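Some notes on the structure that comes next.
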Amino acid sequence: MNKRTLFAIAEWAAVLLLIWLFYRSDIIFPHGSSTPEQAHRLSESSYHYGPSKVVRKVAAPFDPDRVVFLGTYKIWFSADTVVRKRGGWWPNGGVAGVEIDRDKPFSYSWEGSATQDSLMAYKFYGYVTDDRISAVELLLTDRNTGKSTPMREEIGADRMFLFLWEANDDSRMQAVRGLDKEGSVVYEQELG
16 MNKRTLFAIA EWAAVLLLIW LFYRSDIIFP HGSSTPEQAH RLSESSYHYG PSKVVRKVAA
76 PFDPDRVVFL GTYKIWFSAD TVVRKRGGWW PNGGVAGVEI DRDKPFSYSW EGSATQDSLM
136 AYKFYGYVTD DRISAVELLL TDRNTGKSTP MREEIGADRM FLFLWEANDD SRMQAVRGLD
196 KEGSVVYEQE LG
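Basically our numbering = 1-based index in the sequence shown + 15.
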């Protein structure tokens, strides 16, 4: 073979490689999903969970690039988080369902994940089964000062609650309470 033929073969090989890379660009230059909803659905399907009935979409108050989808599926509830980074939306945790325990006034779960600000983004969520409970309160305690900070959410028709906050390691969850319409404690669970 002469030089010209070898050069033409190399050119075509390079063109084919570039075409292949273009179609497989998510391997080298991942772009995520175009919407939070699409990332949520892909997250569920990759985990073989759902599709859940999304009852609420909540943007984190401390980060507009973090969205939580509260949902139910059969006997489970979930709080799937997706985040925007590198030009797209990506799964970030909470896609697995938590079984609703009908023998308790409410079922709950929580998780924390590191943020870009060297803080932790916390998520405490659950499903209320006791009709007497009209609000849920989460008590956080500062480890340094001992000061207690309550977070409260009214229970709506979806029967779910969600607390989102960003903090360093100085706070701990002390208790979660179910309150009736008058604000009296119906159920309290000590945490940590």
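Note that CB positions come from ideal geometry on N, CA and C, so glycine has one too.
As the structure is a computational prediction, the values presented were derived from the model and not from experiment.
Backbone secondary structure at residue i - three-state DSSP
i	result
residue 71	strand
residue 126	strand
residue 30	helix
residue 181	strand
residue 85	strand
residue 121	strand
residue 111	coil
residue 21	helix
residue 152	strand
residue 202	strand
residue 197	coil
residue 189	strand
Counted within 10 angstroms of its Cβ, other Cβ atoms place residue i as buried (16 or more) or exposed
i	result
residue 162	exposed
residue 153	buried
residue 54	buried
residue 205	exposed
residue 16	exposed
residue 101	exposed
residue 47	buried
residue 106	buried
residue 209	Shown here, the chain extends from 16 to 207; a query on residue 209 therefore has no answer.
residue 129	exposed
residue 171	exposed
residue 148	buried
residue 176	buried
Neighbourhood of residue i by C-beta, 6 Å cutoff - its chain only, sequence neighbours within 5 removed
i	result
residue 51	82, 97 and 104
residue 139	125, 153 and 178
residue 75	81 and 179
residue 31	none
residue 65	59 and 88
residue 165	152 and 154
Cβ-Cβ separation, residue j to residue i (assumed contact under 8 Å), whole Å
i	j	result
residue 121	residue 193	6 Å
residue 187	residue 156	6 Å
Chain-order list of residues whose beta-carbon lies under 7 Å from that of residue i (same chain, five-residue window excluded)
i	result
residue 190	154, 203, 204, 205 and 206
residue 235	It is not possible to answer for residue 235, since the shown part of the chain is limited to 16 through 207.
Count Cβ pairs between the segment 86-96 and the segment 109-124 that sit closer than 8 Å; are there 3 or more? Contact holds: three or more Cβ-Cβ distances are below 8 Å.
Could you say if the segment 20-35 and the segment 75-90 meet the contact criterion of at least three C-beta pairs nearer than 8 Å? Contact annotation: the segment 20-35 does not touch the segment 75-90, with fewer than three C-beta pairs closer than 8 Å.
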